[in-house]
Amino acid sequence: MSKKYDAIIIGGGHNGLICAAYLAKVGRKVLVLEKRHVLGGAAVSEEMYPGFTFSVASYVVSLFRPHIIRELELAKHGYEVIPMDCSFLPLPDGDSLARWADGNRSRREIARFSKKDSEVYPEFSRVMTHMGKLAKAVIDYPAPNINSFNPKELANLLRLGNAFKDLGPDLLHLNTKLVTMSALDFLDQWFESDVLKAPMSVSGIIGTFQGVRSPGTAYVLLHHYMGQLDGAFRSWGFSKGGTGGISMACANAALSYGAEIRREAPVKNVLIKNGTAEGVVLENGDELYANTIISNLDPNRTYLKMIGANNLDADVLKDINRFKLRGSSGKVNLALDSVPEFSCRPGDGDHIRGDIAIAPGIDYLEKAFDQAKYGEFSTRPYINAVIPTLTDPTLAPPGKHILSCFVQYAPYNIKEGAENWPKYREAFGDTVVDTMAEYIPGLKDKILYRQVLTPWDLEQTMGLTEGNIFHGELSLEQLLFQRPVGDYSKYKTSIPKLWMCGSGTHPGGGIMGASGELCAKTMLTSRAI
Amino acid sequence: MSKTYDIIVIGGGHNGLTAAITLAKKNKKVLVLEKRKVLGGIAAGEEFHPGYSTSGLLHDTTGVRANVIKELNLENFGLKTKKSRPTVSLLSKDGKCLVLSSTVEEACAAIAKFSQKDAEAYKEYRAFIEKISPFIKNLQDELPPDLSKLGNKELWELLKKGLSLKRLGKKTMMEFLKVAPMSVADFLNEKFETNFIKAGIAGPAIYGSYTGPWSSYTTLNLLLWECTANESIIGGPQALVSALEKAAKDAGVEIKTDAEVDKITLDQNRKVTGVKLTSGEEIIASLVASSSTPHVTFYELLMPNQISYTLEHGIKHYRSRGTTAKVNLAVNKSVTFNGVSGVEFARTGNSFDEMERAFDPVKYRRFSDEPILDIHVPSMENSSLAPSGHSVISIVVHFAPHQFDEGWSAETRDKLLGNVMKTLEQYTPDIKSSIVGSEVLSPVDLEERYSLTNGHIFHGEHAIDQLITRPIPSCALYATPIDGLYLCGSGSHPGGGITCMPGYLGAKMILKNG
């Protein structure tokens, strides 16, 4: 009843589960509390319709840190990712562009639109991959501390400085550009064809409240190039069993090391005595105690709900209120009676076994963003769709399929007020289906079941404040040593013994596992646990 | 036939003249070549309608550096300055007018009439500007770091810049790092509540840019302006040009107007030998400093085979999308704005969304129905610019694209004028009937008249990557890969606007290199 744990982790998302696994592996007594009946947070698989397993929110993986897979033996626990081979762009005029893992195949396709671009493309990929390797130096370590003269911190800064210096002046300049330019302006310096630039620039805006022309989005382009799957960079993949499969592998690893996991155990707030965290109170009133508490929730939820404004210094409260989490995306998941074929390139060939982008032009993408700025969801949105059942048939009954659509933009703060999103849920869903139907003849007749998640739903169901999928915008002022707030960017919070391990900490969002891992390792090396 | 000079300065704008004087004072034999009949470039005042003149295409002289004025002794040549920025009136559509004085106390008192919270916020805001000014001034007014090489010397310079940031103290430094990448809308929304006040303050963040107030890094643009907007020149930009011209002649600078350079001449080792004019005349010099835009310098004044692929590629992608138009109005009476008379400078922009909506269409190669206006009434200060009792209204219009689908013609210029008038009428209702003449300069007209690439008033966007190394790393310290060719205009550090700094620092670099 008043059993004391070494750590209680609030939230069973993938970062919390990884943190639990690392701590349990070295013998700590860990309890994970998840409010839902399923684990995984936004990396979750659910059978929303009989026989169909949806990756409800996140739908592909790439940035998952390989050393975590090895260190936690995740393959043994069910982690399996099948690489995606293709990025497909259907066009309204009946043409299309497919870019493949095989560079030669891509070049031949691109050359149909621009010979010059087809020649530049491999060079661009090579340079971005090189920059991605540099990014490892940033994401695989805690954020640098620029205020400390502690030798360890200085060594960290020096290491980072050397990594940048080793780039040489040309790539260093490129790095400056990546951090400050817009995704489109950056791509304009390499490519001429809109057909190529449009789908490439949108990876710069996924999960952000920015457009392809917005300064600062080129960096996020890199974020999505940094992935590494068994050594092959820029490879995105499907998790077997949906993205929930990754979370379950992490959960199984944690359980195998002796961690405890409780579902349907929502936490009301952290118990704070004499300014220090000593346990949690569940919604049902139960109190649980631990030497340390670790929150996997986003910074807003952690500080304002778990800790509470009255337990915060004015400065910290001010800082956390400045932390921006404006959600900009929604999700529409469809269970289909038969395979969806694209009229511009019919058949269920390997061109639709990767990701599919509805991004038929720069103006189209920018217009979609412009609407969101003024509180409307895009009438014709950017959609990143996948048909995971073509690669992993276990997700649906034989011959049936899933069309999973990530949609931008759907601003959390619609002009009618976020709480009115439910009124517009179906209209939003219709917009997405209408858009996809322009490319897939007969789509509407194939739909057996439709799940629509607006930013409001993401918040209500998964605890993502304002529906922000990354636990906070990935803009420069909220990254590195400023994530989530300047004074507390190394997994600690302003409350002693309360830590954070979710995407609202360095290195940021996506299914990386880095936050959970680095939190655990920081706690262990500092002997906090 | 061909005289010899130490240095030829291409362009007799304010930067070209500044560079020339700085060099001549160190006993260099300098020739300035200006293609137009008048000096001053976009700082020159023009008679746009018989009897009505502006005091400059651009209005803002707050960035002219005091140390340059001092070193060039410009006050000896008639220049008069005020050690403060001018009063600006912020206008709202519902008839309000905030007279934003240059002194913080007066400004706060005026703001307090609208919102006490905003008055306090403004005080804090100006205090923050004060705190970060030493760092910003160090960035803007010193030679930029050389990022084209990463040797110990260059790293040491970078480190020094980093340390000057640290010297602000932890709290100010962290605050600066927090706000600099933010959109100016987010930044000001944190502090202020009154929409037209926020939007008015934000103006300089987006003037001349390819961004709206919701774009990242616009706060840094605003801070750069705020920290260096400290003086104002009596008589406007034209007064500066007049003083520079006198100082140049006094220093022994030779000036030729109506003298357009056709090509910079190089010898077989790709070293500068001088210039050739469109008239055919050849002039010899071992150094050429171009205050023209980087595009003009490398693409028009040189032959394609004379510049390397890297240089060509870099300059080609140096972004200069012009988004500004100019409207000059000759008015047969004195003007009031929202009922207030005596206004010299005014800004419109009732809300961030309005400013953003003014920007949005340029991305689709159109212009908006309701532009943002940066207004100057130069006749207020200098009544000789218009007949007695009459006025000149000089308006810099945001945003109007250089790349315009409908094409710039008399018809579309009229349409733009119509939009400007409709907007202006909200603030000065009976203006239409009082207009006796007008001039509209689209970005294409600006390009033609002033050789501004794509009509960009700053010789290239003030995007952050283009401020860190301006225009490109190999030319960021004014010297270029062409032996003997330097840049000294707004397309170099610290950027555009009327500051004299690129000309000054460019000249210093030439002198440093011997």
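Residue numbers (the numbering used here), protein chains in the order written: chain A, 1 to 529; chain B, 1 to 514. Even for Gly, the Cβ is constructed at its ideal location relative to N, Cα and C.
Nearest chain A C-beta to residue i closer than 8 Å, yes or no?
i	result
E356 of chain B	yes
D369 of chain B	no
K363 of chain B	yes
V272 of chain B	no
L417 of chain B	no
S215 of chain B	yes
P473 of chain B	yes
Closer than 8 Å, CB to CB, is residue i near chain B or not?
i	result
M181 of chain A	yes
H14 of chain A	no
K177 of chain A	yes
R159 of chain A	no
Y374 of chain A	yes
H173 of chain A	yes
E473 of chain A	no
Here's the rule: buried if 16 or more other CB atoms are within 10 angstroms of the residue's CB, otherwise exposed. What is residue i?
i	result
V343 of chain B	buried
D230 of chain A	With a pLDDT of 44 at D230 of chain A, under the threshold of 50, the predicted position of this residue should be treated as unreliable, though the coordinate-derived value follows. Result: exposed.
K177 of chain A	buried
V386 of chain A	buried
M501 of chain B	buried
G489 of chain B	buried
Q482 of chain A	buried
Y450 of chain B	buried
V296 of chain B	buried
N76 of chain B	exposed
R108 of chain A	exposed
L163 of chain B	exposed
Can you name, in chain order, every residue of its own chain whose Cβ lies under 7 Å from the Cβ of residue i, other than the five neighbours on each side?
i	result
A163 of chain A	L134 and A137
D85 of chain A	W100, A101, D350, R353 and G354
L297 of chain A	I10, G11, M306, G463 and G502
Return the CA-CA distance between residue i and residue j, expressed in angstroms with no decimal places.
i	j	result
E461 of chain B	Y210 of chain B	7 Å
F233 of chain A	E312 of chain B	Bear in mind that the predicted position of F233 of chain A carries a pLDDT of just 49, short of 50, making it unreliable; the figure below should be weighed with that in mind. When rounded, the distance between both Cα atoms is 31 Å.
D117 of chain A	V397 of chain B	37 Å
Y217 of chain B	G417 of chain A	28 Å
L157 of chain A	Y141 of chain A	11 Å
L453 of chain A	G347 of chain A	29 Å
H77 of chain A	C250 of chain A	7 Å
L23 of chain B	L58 of chain B	26 Å
K96 of chain B	K117 of chain B	18 Å
P50 of chain B	G235 of chain B	20 Å
D312 of chain A	F196 of chain B	Before going further, note that residue 312 of chain A is Leu rather than Asp in the sequence given. Approximately 33 Å, taken between the alpha carbons.
W499 of chain A	T292 of chain A	8 Å
F124 of chain A	D188 of chain A	12 Å
R270 of chain B	S320 of chain B	27 Å
C405 of chain A	L72 of chain A	31 Å
D405 of chain B	T379 of chain A	24 Å
T166 of chain B	N147 of chain A	Here residue 166 of chain B is Lys; the residue named in the question, Thr, does not match the sequence. Straight-line Cα distance between these residues: approximately 9 Å.
G279 of chain A	L271 of chain A	5 Å
N454 of chain B	A111 of chain A	30 Å
W236 of chain A	R105 of chain A	18 Å
Looking only at its chain, what residues have a beta carbon closer than 6 Å to the beta carbon of residue i, apart from the 5 residues adjacent to it on each side?
i	result
Q210 of chain A	T217
G510 of chain A	L63
L452 of chain B	L446
L287 of chain B	I7 and G484
Ignore the nearest five residues each way along the sequence and tell me which others in residue i's own chain have a CB closer than 8 Å to its CB.
i	result
A259 of chain A	A20, A21, L23, A24, V30, L31 and V32
I69 of chain A	A75 and Y79
V433 of chain A	V332, L334, L443, K444, I447 and R450
Any Cβ of chain E within less than 8 Å of the Cβ of residue i?
i	result
R319 of chain B	Given the protein chain composition of this structure (A and B), no chain E is represented.
Open item on the list: Report the start-end ranges of each beta strand (DSSP E) in the region 252-319 of chain B that is 3 residues or longer and not cut off at the edges.
Closed with: As far as the region 252-319 of chain B is concerned, its whole beta strand (DSSP E) runs of at least 3 residues are 254-256, 261-266, 272-277 and 282-290.
TODO: Jot down the residue ranges of each uninterrupted beta strand (DSSP E) in the region 325-361 of chain A, minimum 3 residues, whole runs only, in chain order.
DONE: Runs found: 329-336 and 355-358.
Open item on the list: As an exercise, report each continuous alpha helix (DSSP H) stretch of at least 4 residues that is fully enclosed by the region 368-426 of chain B, in chain order.
Closed with: Those alpha helix (DSSP H) runs which fall completely within the region 368-426 of chain B and span 4+ residues are 410-425.
Open item on the list: As an exercise, report each continuous alpha helix (DSSP H) stretch of at least 4 residues that is fully enclosed by the region 53-125 of chain A, in chain order.
Closed with: Look at the region 53-125 of chain A and you find these whole runs of alpha helix (DSSP H), each 4 residues long or longer: 66-71 and 103-111.
Open item on the list: Just to confirm the assignment: which complete alpha helix (DSSP H) runs, minimum length 4, are found wholly within the region 156-193 of chain B?
Closed with: The DSSP assignment places complete alpha helix (DSSP H) segments of no fewer than 4 residues inside the region 156-193 of chain B at 170-179 and 184-191, in order along the chain.
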